[in-house]
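Heads up, the thing below is written out as structure tokens.
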């Protein structure tokens, strides 16, 4: 399935279902990126990730702030 098709299908979901989807995707991305802070992991492990996820690796900067809360705030501002 192409990204545009996935987006179109996701927009057909109810608002509460889309929120659950966003939270699930964010959680998945966070879990995949948290291991990148482990210096013992081999950099070649990045090659096993989907190219889209690989592109996020350089964009996401995890900090002490609650990234889930920040993302929810962003989405609330965007869609309200």
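In my numbering, the protein residues as written are 369 to 448.
Every residue gets a Cβ at the ideal spot worked out from N, C-alpha and C, and that includes glycine.
In this structure, residue 421 and residue 397 form a Cβ contact; the two beta carbons are roughly 7 Å apart against a cut-off of 8 Å.
Per DSSP, reduced to three states, the secondary structure at residue 391 is helical. Taking a contact as a CB-CB distance under 8 Å, the pair residue 390 and residue 443 counts as one, their CB atoms being some 6 Å apart. Sorting 371, 384 and 419 by C-alpha distance to the C-alpha of residue 400 places 419 at the top.
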